[in-house]
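The structure appears right after this line, and notes come after that.
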Amino acid sequence: MGLFKEIRARARYVVGSVLAVFIVVYLVYHVISGDRGLIAWWRLSQEAVVTQAKVKITEARRRTLERRVRLLHPGSLDRDMLEERARVMLNYGHAEDIVILENEGNK
Numbered sequence: 496m497g498l499f500k501e502i503r504a505r506a507r508y509v510v511g512s513v514l515a516v517f518i519v520v521y522l523v524y525h526v527i528s529g530d531r532g533l534i535a536w537w538r539l540s541q542e543a544v545v546t547q548a549k550v551k552i553t554e555a556r557r558r559t560l561e562r563r564v565r566l567l568h569p570g571s572l573d574r575d576m577l578e579e580r581a582r583v584m585l586n587y588g589h590a591e592d593i594v595i596l597e598n599e600g601n602k
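Printed below as a string of C-alpha cells:
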C-alpha cells in the first residue's frame, strides 16, 4: 500500500504540469492552424493582395470604357469613334480596308 500512496502523492504534482502542457499545446496548435489562426491570416492577406490587383485592373478597364462612352455621347460625338463602333456592330467594312483580328488573350 505504501507504493500506491507514493504514486498518488507524486501524481498530484505531475497531473498539474501535464495538464498545463496539454493546454499550452492545444492553444498553440489553434493559434497557428485554427480557422482564425496564423495560417488562415496569411492566406487571407495573400487573397487580399490578389483582389487589390484585380480591383486596379478593373478600375483601369472601367476608366477606358467610360472614356469611350464619353466619346459616343451626343454632346461630344467623335466621328471616328462613331464610325469604328458602327463597323464593329454592323460587321461592315470597305473593300480596301485591312482587318487585323486579335484574340482576347493577346491584349
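Numbering (our numbering), first residue to last: 496 to 602.
Backbone N, C-alpha and C fix where the C-beta goes; we use that ideal spot for every residue, glycine too.
- Residue 589 carries a coil assignment under DSSP once its states are collapsed to helix, strand and coil.
- For the pair residue 567 and residue 580, the CB atoms are nearer than the 9 angstroms cut-off.
- For residue 594, the secondary structure class from DSSP, reduced to helix, strand or coil, is coil.
- As the crow flies, the alpha-carbon of residue 502 is around 33 angstroms from that of residue 525.
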